[in-house]
Amino acid sequence: MFDWAQNIADWLVYDVLNFNKGQHVAEALNFFIYDTTKILILLFLVIFFMGIVNSYFPIDKVKNYLSRNKLYGLEYLMASLFGVVTPFCSCSSVPLFIGFVRGGIPLGVTFAFLITSPLVNEVAIGLFVGLFGLKTTIIYVISGVLLGTISGIILQKLQLERYLTPWVKEVLANAQREQDIFQAEKQTFKQRFRIIWAELVKILKGIIPYVLVGIAIGGLMHGYIPEGFFEKYMDKDNLFAVPVATVLAVPMYTNASGILPVVQVLVSKGIPLGTAIAFMMGVVGLSLPEAMLLKKVMTLKLIGIFFGVVTLCIIISGYIFNIIF
Amino acid sequence: MTKVIKILGTGCPKCQSMTGVVKDVVSENNIDASIEKVEDIMEIIKFNVMTTPALVIDNVITIKGRVPSKDEVLALLN
Numbered sequence: 007m008f009d010w011a012q013n014i015a016d017w018l019v020y021d022v023l024n025f026n027k028g029q030h031v032a033e034a035l036n037f038f039i040y041d042t043t044k045i046l047i048l049l050f051l052v053i054f055f056m057g058i059v060n061s062y063f064p065i066d067k068v069k070n071y072l073s074r075n076k077l078y079g080l081e082y083l084m085a086s087l088f089g090v091v092t093p094f095c096s097c098s099s100v101p102l103f104i105g106f107v108r109g110g111i112p113l114g115v116t117f118a119f120l121i122t123s124p125l126v127n128e129v130a131i132g133l134f135v136g137l138f139g140l141k142t143t144i145i146y147v148i149s150g151v152l153l154g155t156i157s158g159i160i161l162q163k164l165q166l167e168r169y170l171t172p173w174v175k176e177v178l179a180n181a182q183r184e185q186d187i188f189q190a191e192k193q194t195f196k197q198r199f200r201i202i203w204a205e206l207v208k209i210l211k212g213i214i215p216y217v218l219v220g221i222a223i224g225g226l227m228h229g230y231i232p233e234g235f236f237e238k239y240m241d242k243d244n245l246f247a248v249p250v251a252t253v254l255a256v257p258m259y260t261n262a263s264g265i266l267p268v269v270q271v272l273v274s275k276g277i278p279l280g281t282a283i284a285f286m287m288g289v290v291g292l293s294l295p296e297a298m299l300l301k302k303v304m305t306l307k308l309i310g311i312f313f314g315v316v317t318l319c320i321i322i323s324g325y326i327f328n329i330i331f
Numbered sequence: 002m003t004k005v006i007k008i009l010g011t012g013c014p015k016c017q018s019m020t021g022v023v024k025d026v027v028s029e030n031n032i033d034a035s036i037e038k039v040e041d042i043m044e045i046i047k048f049n050v051m052t053t054p055a056l057v058i059d060n061v062i063t064i065k066g067r068v069p070s071k072d073e074v075l076a077l078l079n
């Protein structure tokens with residue numbers, strides 16, 4: 007599908023710039039041009055598609071759906087799936103949390119949404135397809151959704167309502183399966199398109215610097231680090247690799263756009279995919295700034311349990327990945 | 002009549018750019034309006050919004066979760 011991008015990269019590097027095949031600089035540059043072209047196109051497509059879905063199915067509808075329907079245990083999976091198609095800015099996490107609590111949605115279901123939403127988002131998916139191919143992306147998305155679902159179920163079982171901050175408990179006591187009258191923005195497709203387009207441009211502008219830097223670093227490593235370099239340090243038999251990678255990743259707060267191209271190169275140089283994905287999930291899914299925000303609605307103990315359960319699930323999925331691949 | 006504009010947001014970059022857009026529109030078009038930035042989470046929650054930033058004009062939520070263009074804000078204020 008992207009042969010033409012490879013042709014352009016070859017032409018630019020070997021014909022226009024006159025590098026010789028096999029030179030480190032040439033290989034690195036070629037990799038950079040090819041990857042950038044491919045990834046930007048994929049990001050464009052995925053963000054655009056998600057924008058359309060989201061325009062017709064905004065967060066208020068998600069909440070009403072979860073609040074209204076009895077789903078007999080499927081609500082965790084549904085919340086997690088909604089998390090995929092609903093973009094989520096960590097600065098909205100508190101109002102969103104309260105909105106869910108107020109709508110009478112169980113805490114575990116809310117958590118399922120909060121976990122999956124940052125983990126499997128449009129930017130991560132676009133980058134994943136470009137860097138690892140479709141098959142790995144599908145596996146990543148499925149594990150992200152399952153991770154949210156299972157963590158949500160576990161967190162619900164732990165009956166954590168008592169660890170909410172007092173004012174949230176009050177909200178909880180007054181919760182009702184209310185039906186917000188949702189004034190659906192009556193818009194023509196043309197109006198929607200303009201908004202979706204504006205958002206798309208904004209998101210791309212915001213992440214392009216990270217993507218470029220990430221791919222550039224990846225390109226350099228690609229050209230200079232020998233194949234299989236990491237295998238001696240981090241092979242699959244090293245049981246500590248996954249937990250160490252995950253725990254290191256949680257305090258890091260980079261958006262996926264910068265870190266993924268680097269991770270891809272690490273994988274091609276011998277770091278097991280499961281270890282790399284656990285690292286990725288730790289970086290994208292959990293972050294300290296988000297924890298700070300959540301302090302308004304949760305006690306430290308609850309935040310600790312929340313992060314602990316999710317970290318554990320990430321580590322387990324890292325091991326599972328390493329067994330599969 | 003003076004319009005009462007409220008911008009709900011906890012101070013994330015998106016909220017700041019919404020404030021910028023609204024202020025520009027009001028001053029460029031000489032609109033009679035007061036602009037208040039609501040950063041207190043308790044106040045924000047009273048409006049029942051789940052995504053910030055949100056634009057409230059005369060107590061009606063008009064935009065939530067995204068930064069509008071100047072034209073859009075102007076249309077809402079007229």
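So the protein lines, in turn, are chains F and H.
Read in order, the letters of the first sequence are residues 7 to 331 in my numbering.
Read in order, the letters of the second sequence are residues 2 to 79 in my numbering.
Glycine included, each C-beta is placed from N, C-alpha and C at the ideal position.
- [ ] Would you please state the rounded distance, in angstroms, between the beta carbons of Val147 (chain F) and Val126 (chain F)? I believe it to be under 8 Å.
- [x] Translated into the one-based positions of the first sequence, residue 147 (chain F) becomes position 141. Translated into the one-based positions of the first sequence, residue 126 (chain F) becomes position 120. The pair is a contact, with the Cβ atoms about 5 Å apart (cut-off 8 Å).
Open item on the list: Give me the subset of the segment 41-54 of chain H whose CB atoms are less than 8 Å from a CB atom of chain F, sorted by chain position.
Closed with: Listed in sequence order: Ile42, Met43, Ile45, Ile46, Asn49, Val50, Met51, Thr52, Thr53.
Open item on the list: Classify Ala118 (chain F): buried if its beta carbon has 16 or more other beta carbons within 10 angstroms, exposed otherwise.
Closed with: As a working note, residue 118 (chain F) is residue 112 in the first sequence. Buried, because 16 or more other Cβ atoms sit within 10 Å of the Cβ of Ala118 (chain F).
Open item on the list: Let me see if you follow: with CB-CB separation under 8 Å, is Pro232 (chain F) close to chain H or not?
Closed with: Locating residue 232 (chain F) in the first sequence gives position 226, counting from the first residue. Pro232 (chain F) does not count as touching chain H.
Task: 8 Å Cβ cut-off: residues of chain F touching Lys15 (chain H) - done: By one-based count along the second sequence, residue 15 (chain H) stands at place 14. The contacting residues are Cys95, Cys97.
Task: Beta-ladder partner(s) of Leu170 (chain F), from DSSP - done: In the first sequence, residue 170 (chain F) corresponds to position 164, counting from 1. Answer is F:Met304, bridged to Leu170 (chain F).
Task: alpha helix (DSSP H) runs contained entirely in the segment 33-79 of chain H, provided each spans 4 or more residues - done: 42-47, 71-78
Open item on the list: Let me see if you follow: with CB-CB separation under 8 Å, is Thr3 (chain H) close to chain F or not?
Closed with: In the second sequence, the residue the question calls residue 3 (chain H) occupies position 2. No, no contact with chain F.
Open item on the list: Looking at Ser86 (chain F): is its Cβ nearer than 8 Å to the Cβ of Gly110 (chain F)?
Closed with: Translated into positions along the first sequence, residue 86 (chain F) becomes position 80. Translated into positions along the first sequence, residue 110 (chain F) becomes position 104. No, Cβ-Cβ distance for Ser86 (chain F) and Gly110 (chain F) is not below 8 Å.
TODO: Would you list, in chain order, the members of the segment 161-177 of chain F that have their beta-carbon closer than 7 Å to a beta-carbon of chain H?
DONE: none
Open item on the list: So Val268 (chain F) and Gly324 (chain F) are supposed to be a Cβ contact under 8 Å. How far apart are they, rounded?
Closed with: As a working mapping, residue 268 (chain F) is identified with position 262 in the first sequence. As a working mapping, residue 324 (chain F) is identified with position 318 in the first sequence. About 17 Å; that fails the 8 Å criterion.
- [ ] Report the rounded CA-to-CA distance for Phe327 (chain F) versus Pro172 (chain F), giving the unit in angstroms.
- [x] Position 321 of the first sequence holds residue 327 (chain F). Position 166 of the first sequence holds residue 172 (chain F). Rounded to the nearest angstrom, the two C-alpha atoms are 40 Å apart.
Task: Element boundaries [beta strand (DSSP E), containing Ile277 (chain F)] - done: Looking up residue 277 (chain F) in the first sequence gives position 271. Where Ile277 (chain F) is concerned, there is no enclosing beta strand (DSSP E), given that its DSSP letter is neither H nor E.
- [ ] Could you please tell me which residues of the segment 95-121 of chain F, in chain order, have their CB closer than 7 Å to any CB of chain H?
- [x] The segment 95-121 of chain F vs chain H, Cβ under 7 Å: Cys95, Cys97, Ser98, Val100, Pro101, Leu102, Ile104, Gly105.
Task: Thr20 (chain H): contacting residues in chain F (beta-carbon distance under 8 Å) - done: Translated into positions along the second sequence, residue 20 (chain H) becomes position 19. Within 8 Å Cβ-Cβ: nothing; Thr20 (chain H) doesn't reach chain F, min ~14 Å.
Task: Host alpha helix (DSSP H) of Ile53 (chain F) (start-end) - done: The residue given as residue 53 (chain F) occupies position 47 in the first sequence. The continuous alpha helix (DSSP H) containing Ile53 (chain F) extends over residues 30-62.
Task: Below-8 Å beta-carbon distance, Ser70 (chain H) vs any chain F residue - done: Your numbering for residue 70 (chain H) matches position 69 in the second sequence. Yes, Ser70 (chain H) counts as interfacial toward chain F.
Open item on the list: Can you pull the chain H neighbours of Lys302 (chain F), defined as C-beta to C-beta under 7 Å?
Closed with: Here residue 302 (chain F) corresponds to residue number 296 of the first sequence, with the count starting at 1. Simply Ile42.
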